[in-house]
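Accompanying notes for the structure given below.
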Amino acid sequence: MIQHNNAQDNLNVTGMPFIEELTSNMRVDIAVSKEGDLWLLHDKPIEHYLAWLEYDHTDRRMTLISDIGQIQDLGMQPSTFISDLILKSVNARLLLVQNKEILNVSNIPIVILQ
Amino acid sequence: MFGLPDVNEEIRKGITDLPKSNPDISARFNGIEGSQKMLQELMTNDDLLESIKEGSGGNITNYGEKIPQYFDKILDVTQQNGNSFKPILDTLEKNPQNVLEALESGDPNNIKKIYSEPSNDSEPLSQMDNNSPTNNPTELFVQSSDPNNPIIANLNDNELDNVILRNEVGEEMNVNQMPQEVLRVDINQTLSPSMSV
């Protein structure tokens, strides 16, 4: 996990702050099929509008990018097995799950960095 | 008549030229799930095109300007409602009039209704991306930030059909270390195909 230790490091190239890791606020499951169909299940709403998801295969680091350039680390590192499956992903579906129900589904593109 | 260009043909040519004429709109369109199928519909479905022409408020002299503006409004709605054309395409197939009337109205709120009232025939999780043959179970590899209480294990039974859950290294989930909900899911070896949009 990359730690941001000072104020300067907490700004991205657009000057927007990094957001606290997603898993610090909610539970998250990564679910992926052999074909690379990818789901991220979360049990609390994500407050900002997401533009895309980045996945760095080398570091096995997943990052959410908001529509105004905010950067949020997922906060968990996929296993190498799951990481290899994510390489096949084109989109990710974010499922908000509360009280055993899927309340919302969002589909966002994923950018793979290798 | 007198060699006048076919309007629909001209509009379709304008749509295929969007990457050059309106690269922003083109990029947004292509980033939406189902964009290729939607493009195919735009190229072949005359009723759909007529609805868009009507909804754009344009006429033969200014479609080139009005239709991209109209696309911009539709893309806003689509991106704010799951970034997928799938609900529109599904409804277009099952209840085409609902889509055509919403588009003809030119009112984004009417298009939003298509997303809030999706088709009743929800596709199963295992078939949502058409990568899994019908009736064959889908293997899902799951890694949770809370391995003792993964969210996926708390879904209703009807969300958990025809899917085999495996852990982050590809092994069957260890039922002895999972809470009761997961035990039930793993025994059934199902995670529903009906996780639906």
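Residue numbers (our numbering), protein chains in the order written: chain U, 3 to 116; chain E, 8 to 204. Think of the CB as a built atom: it goes at the ideal place given N, C-alpha and C, for glycine as much as any other residue. Since this is a predicted model, take the numbers as computed values, not measurements.
What residues in its chain sit with their C-beta under 8 Å from that of residue i, if we drop five residues either side in the sequence?
i: E/S63; result: Y70, K73, I74, Q76, Y77, G113
i: E/D54; result: P103, L107
i: E/I158; result: S151
i: U/E49; result: none
Determine the direct distance from the alpha carbon of residue j to that of residue i, and round the result to whole angstroms.
i: U/L43; j: U/A53; result: 17 Å
i: E/E111; j: U/R95; result: 30 Å
i: U/D45; j: E/N163; result: 14 Å
i: U/N93; j: U/G38; result: 9 Å
i: E/L82; j: E/G38; result: 10 Å
i: U/E103; j: E/N174; result: 22 Å
i: E/L56; j: E/L49; result: 6 Å
i: E/R35; j: E/Q86; result: 9 Å
i: E/Q150; j: E/S42; result: 30 Å
i: U/D69; j: U/R29; result: 23 Å
i: E/L11; j: E/P94; result: Here E/L11 scores only 48 on pLDDT, less than 50, and its place in the model should not be relied on; the value that follows carries that caveat. In a straight line, the C-alpha of E/L11 is about 37 Å away from that of E/P94.
i: E/T145; j: U/V34; result: 10 Å
i: E/F92; j: U/L66; result: 22 Å
i: E/N52; j: E/L99; result: 10 Å
i: U/F83; j: U/K36; result: 10 Å
i: E/R19; j: E/D79; result: 16 Å
i: E/I67; j: U/L55; result: 41 Å
i: U/A47; j: E/N15; result: The question names Ala, yet the displayed sequence has Pro at residue 47 of chain U. Rounded to the nearest angstrom, the two C-alpha atoms are 43 Å apart.
i: E/N105; j: E/I22; result: 23 Å
i: E/N117; j: U/Y51; result: 22 Å
i: U/P111; j: E/E17; result: 31 Å
i: E/N156; j: E/F148; result: 15 Å
i: E/D13; j: E/Q47; result: 19 Å
i: E/G65; j: U/Q74; result: 42 Å
i: E/E179; j: U/R62; result: 22 Å
i: E/Q177; j: E/D153; result: Before going on, a small fix: residue 177 of chain E reads as Gly here, not Gln. Each residue's Cα considered, the two are about 18 Å apart.
i: U/Y57; j: E/D31; result: 23 Å
Beta-carbon separation of residue i and residue j under 8 Å?
i: U/L97; j: U/V107; result: yes
i: E/Y122; j: E/N88; result: yes
i: U/T25; j: U/M64; result: no
i: U/Q72; j: U/I32; result: no
i: E/A109; j: E/K101; result: no
i: E/L96; j: E/K60; result: no
i: E/S58; j: E/L25; result: no
i: U/S91; j: U/L40; result: yes
i: E/E40; j: U/N27; result: no
Which residues share a DSSP beta bridge with residue i?
i: U/N106; result: U/L98
i: E/S63; result: Looking at the DSSP assignment, E/S63 forms no beta bridge with any residue, so it has no partner.
i: U/T65; result: U/E56, U/D75
i: E/R173; result: E/F148, E/E179
i: U/D31; result: U/L43, E/S151
i: E/L56; result: Note: E/L56 sits in no beta bridge, so no partner.
i: U/I21; result: U/Q74
i: E/V84; result: According to DSSP, which records beta bridges pairwise, E/V84 is partnered with nothing at all.
i: U/L115; result: U/D58
i: E/S91; result: E/E40
i: E/N161; result: DSSP lists no partner for E/N161.
Please go through the same chain and pick out, in chain order, the residues whose beta-carbon is closer than 6 Å to the beta-carbon of residue i, but skip the five residues on each side of it.
i: E/Q196; result: For E/Q196, the predicted model reports a pLDDT of 33, less than 50, meaning its position is unreliable; a value from the coordinates is still stated below. Only I171 meet the Cβ criterion.
i: U/L76; result: L24, M64
i: E/S33; result: L25, P26
i: E/V84; result: P115, I118, K119
i: U/L105; result: L98
So, at 7 Å on beta carbons, what are the nonlocal neighbours of residue i in its own chain, with the 5 sequence-adjacent residues on each side left out?
i: U/H59; result: S85, L89, I114, L115, Q116
i: E/N183; result: Confidence at E/N183 is low in this model, with a pLDDT of 41, below 50, so the placement of that residue is unreliable and no value is reported for it.
i: E/N29; result: P75
i: U/Q100; result: D45
i: U/L87; result: V34, K36, G38
I'd like to confirm something about residue i: is its beta-carbon nearer than 7 Å to some heavy atom of the ligand ZN, or not?
i: E/N174; result: Because no ligand of any kind appears in the structure shown, any question about the ligand ZN cannot be addressed here.
In chain order, what residues of the stretch 55-79 of chain U put their CB closer than 8 Å to some CB of chain E?
Here the close residues are G77, M78.
Output needed in chain order: residues of the stretch 101-112 of chain U with a Cβ under 7 Å from some Cβ in chain E.
K102, E103, I104, V107, S108, N109, I110, P111
Report the residues of the stretch 23-44 of chain U with a CB closer than 9 Å to any CB of chain E, ordered along the chain.
L24, T25, M28, R29, V30, D31, I32, A33, V34, S35, K36, E37, G38, D39, W41, L43, H44
To be precise: take each residue of the stretch 146-167 of chain E, compare its Cβ to all Cβ atoms of chain U, and keep it if any distance is under 8 Å. Which residues remain?
E146, L147, F148, V149, Q150, S151, S152, D153, N156, P157, I158, I159, N161, L162, N163, E166
Positions along the stretch 89-104 of chain E whose CB lies within less than 9 Å of some CB in chain U:
Going along the stretch 89-104 of chain E in chain order, one finds G89, N90, S91, K93 with a Cβ nearer than 9 Å to chain U.
Positions along the stretch 80-101 of chain U whose CB lies within less than 8 Å of some CB in chain E:
If the cut-off is 8 Å between Cβ atoms, the stretch 80-101 of chain U has P80, S81, F83, I84, L87, N93, R95, L97, V99 near chain E.
Against chain U, which members of the stretch 41-72 of chain E pass a CB distance test of less than 7 Å?
none
Give the residues from the stretch 168-180 of chain E that approach chain U closer than 8 Å (Cβ to any Cβ), ordered along the chain.
Listed by position along the chain: E175, V176, G177.
Below 9 Å between beta carbons is the criterion; list the residues of the stretch 20-33 of chain E that meet it against any residue of chain U, in chain order.
Taking 9 Å as the Cβ-Cβ cut-off against chain U, none of the residues of the stretch 20-33 of chain E qualify.
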